[in-house]
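Numbered as in this note's numbering, the sequence shown ends at 107 without a single skipped number.
For glycine and all other residues, C-beta sits at the position ideal for the given N, C-alpha and C.
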Amino acid sequence: MIKLCSYSDIPEGDAKGFEIQGKKLVALNYRNEIYIYENSCPHRSIPLEWQPDQFLDYEKTFIQCATHGALFKIDTGECIAGPCVEDQLNKIAFIRQGDDILIDL
Ligand code: FES
């Protein structure tokens with residue numbers, strides 16, 4: 003297991019991008035639960051964001067791909083609108099140890 007970040011690095015309602023061991027990831031804090039996904043849109047297998055750490059739609063209720071606007075549920079990664087509906091983001095398992103978020107890639 004390796005440390006991705008601290009729990010407190012991701013404020014509630016926000017998202018943060020990481021690159022670790024050559025893999026791009028996004029971690030989100032939604033209603034005080036952490037979700038981590040591979041930062042790769044299932045439509046074209048490219049990163050979701052254009053601007054650093056900008057992964058959410060305007061209302062911050064969905065993950066939004068910056069390229070063609072696909073929307074994904076934050077808690078499941080399921081695509082609910084856009085060109086890859088019913089596909090989903092690849093969820094990354096993690097454990098929380100104190101304030102540390104640890105992942106196994
Ligand atoms: S690359 Fe994400 S919606 Fe097309």
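Proximity of the beta carbon of T63 to ligand 1 is not indicated: no heavy atom of the ligand is located closer than 8 Å. Note on A17: 16 or more other CB atoms within 10 angstroms of its CB, so buried under the neighbour-count rule. Membership of Q56 in any beta strand (DSSP E) is not indicated, and neither H nor E is assigned to it by DSSP. Around the C-beta of P44, 16 or more other C-beta atoms lie within 10 Å, and the residue is accordingly described as buried.
Under the 10 Å beta carbon count, L91 is surrounded by 16 or more other beta carbons and is classified as buried.
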